[in-house]
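Residues in the sequence shown are numbered consecutively from 1305, following this note's numbering.
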Amino acid sequence: MGRNCSECGDWCYKSDFSRNQWDKGDGASRCKDCVSSDNYSTYQCGECRRIFNNQNELNMHMQTHRPRNVACPVCGDTSSIRTPRFRSGANAVQHVESGYCSGCLGQDNARRQIYDFARSKRGMGKYMDETPLLTYDGSNGGVPDFPYRCRECSKSFRQLSQLMQHQDQKHNNRRMLGY
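Written out as structure tokens, the structure reads:
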């Protein structure tokens, strides 16, 4: 039993295919030689010349080259316990949401501080969801359960840092808040 490899066109036995490739079916499976060959695309970092197997790995790596110069939106600090400086607006906002920010007086008040900050920023209105998803009882200091919404894909977020990371990773928008 066998079939033609979809890449090289050679007729190969079933044992010449990995199970994953064989299960793809006739006309879509590649033999082990083609799968393991070096004829695939690589992605190189323009700054340090490291090589990656796919675009996603390169994108994740490129975050290490971002400058660490973003200030906290509440206290203005550029350092935290975990990292010497914030690499992105999402990291700075996360600093507040986690309760480590001295300017927001603890984690309980942090969500309110970020919500007020986001509402005050020009251009954030398109990311704010004024429609509560559930009946709200006021226990979070007036902040709706999922106050942030991605305008590109309509996904809702509980925390601003989650929306910012989503925008950066899925829609290549790093500068939502002007960071």
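Every residue gets a Cβ at the ideal spot worked out from N, C-alpha and C, and that includes glycine.
So what does residue i bridge to, in DSSP terms?
i, result
"I1355", "Q1348"
"S1278", "Look at the range of the chain in this structure, 1305 to 1483, and you will see that residue 1278 is not part of it."
"Y1317", "G1306"
"M1432", "Y1452"
Is it buried or exposed for residue i, if we count other Cβ within 10 angstroms and need 16 for buried?
i, result
"I1418", "buried"
"N1395", "buried"
"A1332", "exposed"
"Y1452", "buried"
"R1334", "buried"
"Y1431", "buried"
"T1435", "Reliability of the predicted coordinates at T1435 is poor, the pLDDT of 49 falling under 50, and no value is obtained from them."
Helix, strand or coil: how does DSSP classify residue i here?
i, result
"R1323", "helix"
"M1364", "helix"
"C1338", "helix"
"M1305", "coil"
"M1468", "helix"
"R1400", "The sequence as given places Val at residue 1400; Arg does not occur at that position. If DSSP states are grouped into helix, strand and coil, V1400 belongs with the helices."
"N1413", "helix"
"A1332", "coil"
"R1476", "For the record, residue 1476 in the displayed sequence is Asn; it is not Arg. It is coil, neither helix nor strand."
"R1426", "coil"
Among the candidates the options, whose CA atom is the shortest distance from the CA of residue i?
i, options, result
"N1413", "S1424, V1447, D1330, A1394", "V1447"
"G1429", "C1405, K1474, C1454", "C1454"
"E1456", "S1465, H1470, D1449, R1462", "H1470"
"S1319", "R1426, D1337, N1360", "D1337"
"Q1473", "H1365, F1421, R1426", "H1365"
"R1416", "R1462, M1305, S1340", "R1462"
"E1401", "R1323, G1313, S1310, M1468", "M1468"
"N1476", "S1310, S1345, N1363, R1323", "N1363"
"L1464", "C1405, A1422, Q1359", "A1422"
"N1358", "H1369, T1368, S1345, Q1367", "S1345"
Checklist entry - Is there contact here, the stretch 1318-1335 with the stretch 1345-1353, by at least three beta-carbon pairs under 8 Å? => result no
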